[in-house]
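Below is one structure, written out as structure tokens, with a few remarks after it.
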Amino acid sequence: MKITNTLSGLKEAFIPQGEEVKMYVCGITPQSEAHIGHAMSYINFDAIRRYLRFRGYKVRCVQNFTDIDDKIINKAAALGVSISELAEKNMADFMTDMDALNVSRMDLYPRATQEIPKIIEIVQGLVDKGFAYPAEGSVYFRVTRLENYGNLAHRTLDQMMAGARIEPGDEKENPMDFVVWKAAKPGEPSWDSPWGKGRPGWHIECSAMSLRYLGDTLDIHGGGQDLIFPHHENEIAQSESFTGKKPFVKYWMHNGLLRLGEEKMSKSIGNIISIKQALSKYSVDAIRIFILGSHYRSPLTYSPEALEAAEKGAARLRQALESSTSGGKSISLDTAGVLKRFMESMDDDFNTPQALAVLFDLTRELNRLRDEGEDISQAQNLLKELSEVLGLTLKGVEKTAGGSDQFIQLLLDTRNGLRQAKQYQLADDIRKRLEDLGVFIEDTAGGTTWKARR
RNA sequence: GGCGACGUAGCCAAGCGGCAAGGCAGGGGUCUGCAAAACCCCCAUCAGCGGUUCGAAUCCGCUCGUCGCCUCCA
-14 MKITNTLSGL
-4 KEAFIPQGEE
6 VKMYVCGITP
16 QSEAHIGHAM
26 SYINFDAIRR
36 YLRFRGYKVR
46 CVQNFTDIDD
56 KIINKAAALG
66 VSISELAEKN
76 MADFMTDMDA
86 LNVSRMDLYP
96 RATQEIPKII
106 EIVQGLVDKG
116 FAYPAEGSVY
126 FRVTRLENYG
136 NLAHRTLDQM
146 MAGARIEPGD
156 EKENPMDFVV
166 WKAAKPGEPS
176 WDSPWGKGRP
186 GWHIECSAMS
196 LRYLGDTLDI
206 HGGGQDLIFP
216 HHENEIAQSE
226 SFTGKKPFVK
236 YWMHNGLLRL
246 GEEKMSKSIG
256 NIISIKQALS
266 KYSVDAIRIF
276 ILGSHYRSPL
286 TYSPEALEAA
296 EKGAARLRQA
306 LESSTSGGKS
316 ISLDTAGVLK
326 RFMESMDDDF
336 NTPQALAVLF
346 DLTRELNRLR
356 DEGEDISQAQ
366 NLLKELSEVL
376 GLTLKGVEKT
386 AGGSDQFIQL
396 LLDTRNGLRQ
406 AKQYQLADDI
416 RKRLEDLGVF
426 IEDTAGGTTW
436 KARR
């Protein structure tokens, strides 16, 4: 398997440290509802995890909740609710969204506010070794102590300074120094520390959680491209300085960002479509096909047209699993070939668009064999298995609950009576009216079937 | 200004040195009482210009256009 490593900029052979792949996927700051940009990141990394498991790896994956930071504090104040109340609500919503998107659960979801002792331990360690210094109750990381600062972002300190957007902050020795521990402001939540009351800076929580739950060296650390700098760059600085071990992460993976129109979808710009909004219009499978239909490192633009196209594609895959498997002849499907193509695609830096193409090809082949009267159960099982690797559910829309099924069946029976009597106008009228109610009919050789669609 | 990525059919999107995957839409067939579904066939020379090579969408250079990061952000 090969993975593109952001640090080297190269596609590298994937060799994990041990039996278990240690993986960390940057989570959210639970300040508001998650949007489909988040969905894009987490669906991509979900497919990656699923494939690693499919390939026989054990995977231990951790995802943080950064439940304390400026944004949450301000937002909670604006809404007039407590910080924990806001965070709890958004974390619960996030889990609901992830479940709805069929993103498999992480092994652990640590929270920044519950990792304070580990965070203080790291900050203290950094101060002891001279990598960080206290100033006015805060503690800053001394960026100039590192030779390789900027490596992940492929930038040097000088180049960053040239950006000239950095505000020098009086307490800092160097404008690029970043805060690892923030002195408390009045009215804000705070914890006791050797430097007085304060709270963690951004970045430090991820170092604390990954070191604590996965060890000094991770195999894979993932997140959106917008996290490369400064977030992940700073994580490397803190973690490696604290443990004295390199590398902190063997493979850095970053997904491209979702755009809406010509801009990145982002909370600060406000051009957001929430996961719930998307799910109210499109099926999970459509959303996953839309996202996995583009390579994880490429940017993707959200559009109703693209989602609708994905929805139709999803319907085709589903249809292939729903069709009956009547024939009794032996199988002439090249299952090994299909599997090989699928794995070659995924082995190559998780090329999900190509893997999806394999599924669509398999679907066409399956339908063809069915039309020729072959037993297609094996092909269907393969399609089901590979779809699950990509996290597709391929579940049809539920038939209506309870009673109405019987009435629909009654109408179909009546209509088929009319058809036999060649009363086609009446039969077509029933079909049309059922369609208006969201019930779609198909007359096949084996009888009439129906399904509910929105 | 610095760093990075990208520009492939009507739309979305793989391929990254050897005769252009896949999805959606479109056209033509088969099947069907008609629909629907499904199957078969058709539909691009890869932003532009120049170079390297037996051979380039794929490598190099320039031009044009777009996006991301450098500040909170998946």
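If you number the first sequence the way the numbering used here does, the last residue is 439 and the count never jumps. Glycine included, C-beta positions come from ideal geometry on N, C-alpha and C. Please read these numbers as outputs of a predicted model, since none were measured by experiment.
Based on Cα-Cα distance, which residue from Ser175, Met161, Ala340, Ile254 lies nearest to His216? For the residues Ser175, Met161, Ala340, Ile254, the minimum Cα distance to His216 belongs to Met161.
So, are the CB atoms of Arg45 and Met8 less than 8 Å apart? Against a cut-off of 8 Å, the Cβ pair of Met8 and Arg45 comes out as a contact.
Tell me where the beta strand (DSSP E) around Thr14 begins and ends. Neither: Thr14 is in no beta strand (DSSP E) and is coded neither H nor E.
Mind checking who Tyr118 pairs with in its DSSP beta bridge? Partner(s): Tyr125.
Which residue's Cα is closest to the Cα of Gly376: Leu354, Gly278, Trp435? Per the Cα distances, Gly278.
For Tyr236: DSSP bridge partner residues: Beta-bridge annotation (DSSP): Tyr236 is paired with Ile205.
Specify the secondary structure class of Tyr287 as computed by DSSP and reduced to three states. In the displayed model, Tyr287 falls within a strand according to three-state DSSP.
From Gly298 to Ala117, what distance separates their C-alpha atoms? Looking at the two C-alpha atoms, the distance is approximately 53 Å.
Can you have a look at Pro102 and say buried or exposed, based on whether 16 or more other CB atoms are within 10 angstroms of its CB? Exposed, since its Cβ has fewer than 16 Cβ neighbours within 10 Å.
Taking the C-alpha atoms as reference points, what is the distance between Asp413 and Gly423? Taking the straight line from one Cα to the other gives about 15 Å.
Pairing CB atoms from the stretch 169 to 182 with CB atoms from the stretch 81 to 89, are three or more of them under 8 Å? Put simply, the stretch 169 to 182 does not touch the stretch 81 to 89. Fewer than three CB pairs are less than 8 Å apart.
Do Ala138 and Glu225 come within 8 Å of each other at the CB atom, strictly closer than that value? Not in contact: Glu225 and Ala138 (Cβ atoms no closer than 8 Å).
Assigned exposure category for Asn441 - 16 Cβ within 10 Å defines buried: Because the chain here runs from -14 to 439, residue 441 falls outside it and cannot be looked at.
Three-state secondary structure (DSSP) of Lys325: If DSSP states are grouped into helix, strand and coil, Lys325 belongs with the helices.
I'd like to confirm the pairing. Which residues does DSSP put opposite His217 in its beta bridges? Residue pairing for His217: DSSP places it in no beta bridge.
Assuming the contact rule is C-beta atoms closer than 8 Å, Val47 and Ser195 should be a hit. Round their C-beta distance to whole Å, please. The beta carbons of Val47 and Ser195 sit about 7 Å from each other, so the pair counts as a contact at 8 Å.
So which of Thr141, Val124, Asn136 has the shortest CA-CA distance to Val164? Restricting attention to Thr141, Val124, Asn136, the CA atom closest to the CA of Val164 is found in Val124.
Under 7 Å Cβ to Cβ from Ile254, same chain only, skipping five residues before and after it: list those, please. The beta carbon of Ile254 sits closer than 7 Å to those of Glu248, all from its chain and outside the five residues before and after it, given in chain order.
Inspect the beta-carbon positions of Asp270 and Thr228 and report whether they are closer than 8 Å. The answer is no: Cβ separation not under 8 Å.
Roughly how far, in whole angstroms, is the beta-carbon of Leu341 from the beta-carbon of Ile274, given that I think they are within contact range, below 8 Å? Yes, they are in contact, since the Cβ atoms of Leu341 and Ile274 sit about 7 Å apart, within 8 Å.
Just how far apart, CA to CA, sit Arg34 and His20? Spanning the two alpha carbons is a distance of roughly 21 Å.
Assuming Gln363 contacts Leu324 (C-beta within less than 8 Å), just tell me the rounded distance between them. With a Cβ gap of about 12 Å, Gln363 and Leu324 do not count as contacting.
Mind listing, in chain order, the continuous alpha helix (DSSP H) runs of no fewer than 4 residues lying wholly within the stretch -3 to 66? Within the stretch -3 to 66, the complete alpha helix (DSSP H) runs of at least 4 residues are 21 to 39, 55 to 64.
Classification of Thr81 by the beta-carbon crowding that lies within 10 angstroms, buried from 16 upward: It is exposed - the Cβ of Thr81 has fewer than 16 other Cβ atoms within 10 Å.
Taking only the alpha-carbon atoms, compute the straight-line gap between Ala406 and Arg418 and give it to the nearest angstrom. Each residue's alpha carbon lies about 20 Å from the other.
Opposite Phe163 in the DSSP bridges: which residues? In DSSP, Phe163 forms a bridge with Phe126.
I need the straight-line Cα distance from Leu(-5) to Met238, nearest angstrom please. Taking the straight line from one Cα to the other gives about 11 Å.
Quickly, what does DSSP pair Phe425 with across the bridge? List them, please. Lys436, per the DSSP bridge assignment.
I think Ser175 touches Glu220, with their Cβ atoms under 8 Å apart; what is that distance to the nearest whole Å? Between the beta-carbon of Ser175 and that of Glu220 there is about 23 Å, and that puts the pair past the 8 Å contact cut.
Might you give, ordered along the chain, the residues of its own chain that have their beta carbon closer than 7 Å to the beta carbon of Asp204, omitting 5 neighbours on each side? Result list for Asp204: Pro1, Gln2, Val6, Lys7, Met8, Lys235, Tyr236, in chain order.
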